[in-house]
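Asker: Numbering (our numbering), first residue to last: 26 to 321. All C-beta atoms in this analysis are idealised placements derived from N, C-alpha and C, irrespective of residue type, glycine included. Provided herewith is a single structure, encoded as structure tokens, for subsequent inquiry.
What follows is the structure, given as structure tokens:
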């Protein structure tokens, strides 16, 4: 988030918030007490996720100062369709990498159905392997991957075991991953995706597993990142309820107990979840940029 304006302490921000959300302008309004010659006063500050939207906000406030509605209702009525499509394109542009990761997972799952899981897994698994009969595999050592097939350290994140597995993982990526990309930028989000994917896959491989996959390790990483960033850099605009983090931790622990099989969750890559979460917590501590005017 970028601090763009200071509003008068008597300004009623409710209508402004509603207008900004209606215009799909990501924002946050904060307030703080400041010392003045007459005592203490409350200063209201407007933050924007995209500072290029500032001219639109200023136009709103100018209409408001003339006693007109904050939104240009005539323009809204005449350009509703183009505005809706523009809003979608703006969303895609701001979170392009999130969309591309999701698309890559969808295409991988499609290939699994068209070409067969074995063919796709042989190319994307963390180490090369050969099928022995129809029930067993003969995996190569990790040194084979490190000798030149480096993509295998991350590529298991693309593989999924069914549509529900894919949809569930894409949901968490969309809710939390796009926050990182929109607020901290594409390169920081790319670093989170890359580092946490490798960390999650290596953690799972360390247990002796070879055939595993899914975005869930990265999902736990982006959840951990947002949780830490929301508390260390609240001005940036990250949003996550503490109760959701508690729920995910309970889920993580539950999956490590025999109860997970009893309630039908099946085989869970617990070490990948844990490895991804730890990577996300560390990255959430060191990567987020500083909001303007903040320290530490």
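Can you give me the Cβ contacts of residue 177 inside the same chain, cut-off strictly under 6 Å, excluding the 5 residues immediately before and after it?
Answerer: Sequence-distant Cβ neighbours of residue 177 in its own chain, meaning closer than 6 Å and more than five residues away, are 151 and 170.
Asker: When DSSP builds the beta bridges, which residues end up paired with residue 68?
Answerer: Looking at the DSSP assignment, residue 68 forms a beta bridge with 57.
Asker: Please say whether residue 247 and residue 210 have beta carbons closer to each other than 8 Å?
Answerer: Not a contact, by the Cβ cut-off of 8 Å.
Asker: Is the number of C-beta pairs between the region 214-228 and the region 267-280 that are closer than 8 Å three or more?
Answerer: no
Asker: For residue 303 and residue 233, what's the separation of their Cα atoms in angstroms?
Answerer: 20 Å
Asker: Entirely within the region 115-185 and at least 4 residues each: give me those alpha helix (DSSP H) ranges in chain order.
Answerer: 121-140, 142-149 and 167-171
Asker: Check residue 240 in the structure and name its three-state DSSP category.
Answerer: coil
Asker: In whole angstroms, what separates the C-alpha of residue 27 from that of residue 147?
Answerer: 46 Å
Asker: Quick check on DSSP: helix, strand or coil for residue 235?
Answerer: coil
Asker: If you follow the beta strand (DSSP E) that residue 32 is in, where does it begin and where does it stop?
Answerer: 27-32
Asker: Measuring alpha carbon to alpha carbon, tell me which of 186, 312, 245 and 262 ends up nearest residue 53.
Answerer: Measuring from the Cα of residue 53, the nearest candidate turns out to be 262.
Asker: I'd like to confirm the pairing. Which residues does DSSP put opposite residue 73 in its beta bridges?
Answerer: 27 and 52
Asker: My assumption, with CB atoms under 8 Å, is that residue 67 sits in contact with residue 34. Please give the rounded CB distance.
Answerer: 5 Å
Asker: Cβ atoms of residue 71 and residue 29: under 8 Å apart, would you say?
Answerer: yes
Asker: Would you please state the rounded distance, in angstroms, between the beta carbons of residue 239 and residue 184? I believe it to be under 8 Å.
Answerer: 7 Å
Asker: Could you tell me the alpha carbon to alpha carbon distance between residue 213 and residue 314, rounded to whole angstroms?
Answerer: Residue 213 and residue 314: Cα-Cα distance of roughly 9 Å.
Asker: Grab me the residues of residue 45's own chain with a C-beta within less than 6 Å of its C-beta, minus the 5 sequence neighbours each way, in chain order.
Answerer: 52
Asker: Between which residues of its own chain and residue 117 is the CB-CB distance below 7 Å, once the five residues before and five after are set aside?
Answerer: Cβ-Cβ distances below 7 Å link residue 117 to 124 in the same chain, with the five nearest sequence neighbours on each side left out; the list follows chain order.
Asker: So, residue 258 versus residue 310, is the Cβ gap smaller than 8 Å?
Answerer: Contact annotation: residue 258 and residue 310 have beta-carbon atoms that are not nearer than 8 Å.
Asker: At the level of alpha carbons, what is the spacing between residue 109 and residue 153?
Answerer: Because the pLDDT of residue 109 is 46, which lies under 50, any placement of that residue in the model is unreliable, and the number read from its coordinates should be weighed accordingly. Roughly 47 Å between the two C-alpha positions.
Asker: With DSSP as the reference, label residue 91 as helix, strand or coil.
Answerer: coil
Asker: From the DSSP output, in three-state form, read off residue 294 for me.
Answerer: coil
Asker: Output the distance between the C-alpha atoms of residue 122 and residue 269, rounded to the nearest integer angstrom.
Answerer: 24 Å
Asker: Any idea if residue 120 is buried or exposed, counting beta-carbon neighbours within 10 angstroms, 16 or more meaning buried?
Answerer: Around the beta carbon of residue 120, 16 or more other beta carbons sit within 10 angstroms, so the residue counts as buried.
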